[in-house]
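K.L.:
Under my numbering, think of the first position of the sequence shown as 317, with each following residue one higher. The beta carbon of each residue, even a glycine, is placed where N, CA and C say it ideally should be. Since this is a predicted model, take the numbers as computed values, not measurements.
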Amino acid sequence: MREGLEHPGLISLAAGFTDNPTLPVTETRTIIESLLKGKSSSSSLQYGTTYGDDPLRKLTAQRLTQMDKCSKQSKDYHPDRFLITHGSQQLLYILNEVLFDPGDIVLIEDPSYFVYLGIMQSHGVRGKGIQMEPDGLDLLSLETTLNTLKKSGELARLKALYLVSYHSNPTGVTTCAAKKEAALKILKSYEKAAGHPIYLIEDAAYRELSFIGKDTPSALSFNNASDRVIYTSTYSKPFATGIRVGYGLLPEPVLTAATRVKGNHDFGTANFLQQILSKAISGGKYKEHIQKLRKRYASKARAMTRACEKHFPEKVKWENPEGGLYLWVNLPKKIKTGLKSKLFKQALKQQVLYVPGNLCYCDDDTRPKPNHQMRLSFGSASVKDIEEGITRLGRAIKRVM
Ligand SMILES: Cc1ncc(COP(=O)(O)O)c(C=O)c1O
317 MREGLEHPGL
327 ISLAAGFTDN
337 PTLPVTETRT
347 IIESLLKGKS
357 SSSSLQYGTT
367 YGDDPLRKLT
377 AQRLTQMDKC
387 SKQSKDYHPD
397 RFLITHGSQQ
407 LLYILNEVLF
417 DPGDIVLIED
427 PSYFVYLGIM
437 QSHGVRGKGI
447 QMEPDGLDLL
457 SLETTLNTLK
467 KSGELARLKA
477 LYLVSYHSNP
487 TGVTTCAAKK
497 EAALKILKSY
507 EKAAGHPIYL
517 IEDAAYRELS
527 FIGKDTPSAL
537 SFNNASDRVI
547 YTSTYSKPFA
557 TGIRVGYGLL
567 PEPVLTAATR
577 VKGNHDFGTA
587 NFLQQILSKA
597 ISGGKYKEHI
607 QKLRKRYASK
617 ARAMTRACEK
627 HFPEKVKWEN
637 PEGGLYLWVN
647 LPKKIKTGLK
657 SKLFKQALKQ
667 QVLYVPGNLC
677 YCDDDTRPKP
687 NHQMRLSFGS
697 ASVKDIEEGI
707 TRLGRAIKRV
717 M
């Protein structure tokens, strides 16, 4: 951000912001007008409840039931199990507060959402990196890590696996349903030795941003999973990042504890914002908006990968994303990408910014942090800036190579 302010011509491919021109301004204006005109208009300007707006919890429960293709009667998706939060970020923070003590261990993708790493650090929670494959979590790496923890006597400190399961930030990888189901079974098989539940925190922030609308069931949908899966997601990315409403479906006793902490934080997410979303969903605007967004991000991702093909040297590799907002780029191992690297400095000289890959790895002293990758975002930059930004980055990479 500071670099951006100091260099007005700088193109940022770093920020995880969403696409400005498609933000639902007209739709939101119409909704706000109708909210403030209606019979119950004053309720939207009043405090609400800590767990959240009832209609929004019901609508969220219905949507999730449909996405997971579960029975409408399923108790596992009951609206009372949902907690609405100020962005899913707040929920992730609250979960860390209620689940972990300093020194506890969380298993986490290598690489993962770097802001989550910050939350872990602030609570003194240790991370153990689990390797990834093109179809998600590497189950062998998961088993090996669990075994190592068991042997070293540290299993009692392990509380959860945190997984950004759809179009991950930063890699774009989606963990397939079969792997999520297998991971849950593996975690369960270590619970006796751990002496407590080991939760799967499934962060589905990018679930609805699949370019072709392809979806895989969440871990909630598996048999006997609902007491171990903590599902977090958001309306920020698929609707408006400025409205910032997130939600979670939590098992007991985590739900009660999280609601209590949420009460201490703010005794409820802004009612007005929640009611905007309720109206957007119930009136069909939300669904229409997502269709538009998917097309938009698909075309921006294509613009980015085409520009990479044109301007990056052959040895630079990436996977074409199928959703989300990010492109994960692998450079040859000897080309460092960190904040102090030649490449980062050269990129700044060329007026383009990326997220150094090493920031996305937890501090896990059982392996070195890779330092030759970068996260690029096609979320907020225009197509013109994406093309120009990649041209500049290609130039910077070639100079350093
Ligand atoms: C993986 C992931 N989870 C959660 C969040 C938090 O988003 P929000 O608080 O807007 O719901 C983000 C934001 O970038 C994210 O990338």
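If you follow the alpha helix (DSSP H) that S693 is part of, which residue opens it and which one closes it?
P.N.:
Premise fails: S693 lies in the beta strand (DSSP E), Q689 to S693, not in any alpha helix (DSSP H).
K.L.:
Do L474 and A498 have their CB atoms nearer than 7 angstroms?
P.N.:
Going by C-beta atoms, L474 is not nearer than 7 angstroms to A498.
K.L.:
Comparing alpha-carbon positions, which option in T461, A619, T557 and S696 lies nearest S404?
P.N.:
Checking every option, the nearest Cα to that of S404 belongs to T557.
K.L.:
Would DSSP call A541 helix, strand or coil?
P.N.:
Here A541 sits in coil by DSSP.
K.L.:
Under a Cβ-count criterion, where at least 16 other Cβ atoms within 10 Å of its own Cβ denotes burial, should D681 be classed as buried or exposed?
P.N.:
So D681 counts as exposed.
K.L.:
Considering only the beta carbon of each residue, do V699 and A619 sit closer than 7 angstroms?
P.N.:
Yes, the Cβ-Cβ distance between V699 and A619 is below 7 angstroms.
K.L.:
Using the C-alpha atoms, what's the distance from L407 back to V480?
P.N.:
Approximately 14 angstroms, taken between the alpha carbons.
K.L.:
Closer than 8 angstroms is the cut-off here; do at least three beta carbon pairs connect the region 597-612 with the region 521-530?
P.N.:
Taking 8 angstroms as the limit for Cβ pairs, the verdict is that the region 521-530 does touch the region 597-612.
K.L.:
For the beta strand (DSSP E) containing E343, name the first residue and the last one.
P.N.:
E343: not part of any beta strand (DSSP E); member of the alpha helix (DSSP H) spanning V341 to K353, first to last residue.
K.L.:
In whole angstroms, what separates the C-alpha of Y613 from that of S358?
P.N.:
Roughly 37 angstroms between the two C-alpha positions.
K.L.:
Quick one, which of K665, S428 and S594 has its alpha-carbon nearest A520's?
P.N.:
S428
K.L.:
Given a cut-off of 7 angstroms on the beta-carbon distance, is the pair G705 and L326 in contact?
P.N.:
The Cβ atoms of G705 and L326 lie no closer than 7 angstroms to each other.
K.L.:
Roughly how many whole angstroms lie between the Cα atoms of E322 and L339?
P.N.:
27 angstroms
K.L.:
Kindly confirm or deny that the region 431-440 and the region 567-586 touch, where touching means at least three C-beta pairs closer than 8 angstroms.
P.N.:
Taking a cut-off of 8 angstroms on C-beta distances, the region 431-440 does not touch the region 567-586, as fewer than three cross pairs fall below it.
K.L.:
For F694 and L641, I'd like the C-alpha separation in whole angstroms.
P.N.:
6 angstroms
K.L.:
Less than 7 angstroms separating the beta-carbons of A541 and L503?
P.N.:
no
K.L.:
Please indicate yes or no: does the CB of D582 lie closer than 6 angstroms to some heavy atom of ligand 1?
P.N.:
no
K.L.:
What's the gap between the Cα of D392 and the Cα of V422?
P.N.:
In this structure, the alpha-carbon of D392 lies about 25 angstroms from that of V422.
K.L.:
From this set, R397, L458 and T381, which residue's C-alpha is nearest E568's C-alpha?
P.N.:
R397
K.L.:
Which word fits F333, buried or exposed, when buried means at least 16 other C-beta atoms lie within 10 angstroms of its C-beta?
P.N.:
exposed
K.L.:
Can you give me the C-alpha to C-alpha distance between T342 and V570, rounded to a whole angstrom?
P.N.:
Pairing T342 with V570, the inter-Cα distance amounts to about 38 angstroms.
K.L.:
With H, G and I counted as helix, E and B as strand and the rest as coil, what does DSSP make of E704?
P.N.:
Helix at E704.
K.L.:
Can you find a heavy atom of ligand 1 that lies under 6 angstroms from the Cβ of T550?
P.N.:
yes
K.L.:
Am I right that L754 and F430 are in contact with their C-beta atoms under 8 angstroms? What's the rounded C-beta distance?
P.N.:
No answer is possible for residue 754: it lies beyond the span of the chain, which begins at 317 and ends at 717.
K.L.:
Taking DSSP as the reference, what is the three-state secondary structure of G403?
P.N.:
helix
K.L.:
Taking 6 angstroms as the cut-off, is the C-beta of Q405 nearer than that to any heavy atom in ligand 1?
P.N.:
yes
K.L.:
Leaving out the 5 sequence neighbours to the left and right, which residues in its chain are closer than 7 angstroms to K496 when beta-carbon positions are compared?
P.N.:
S481 and A535
K.L.:
In this structure, does DSSP put Y409 in helix, strand or coil?
P.N.:
helix
K.L.:
DSSP three-state call for D519: helix, strand or coil?
P.N.:
It is a strand residue.
K.L.:
Would you report the Cα separation of G443 and V489, rounded to the nearest angstrom?
P.N.:
20 angstroms
K.L.:
Quick check: the Cα distance between F628 and E703, rounded to an integer number of angstroms?
P.N.:
12 angstroms
K.L.:
Could you tell me which of M448, T532, K388 and R711 sits nearest to V632, measuring between CA atoms?
P.N.:
R711
K.L.:
Does the distance from the CB of G584 to the CB of T401 come in under 7 angstroms?
P.N.:
no
K.L.:
Beta-carbon separation of S594 and P371 under 7 angstroms?
P.N.:
yes
K.L.:
Given a cut-off of 7 angstroms on the beta-carbon distance, is the pair L566 and V545 in contact?
P.N.:
no
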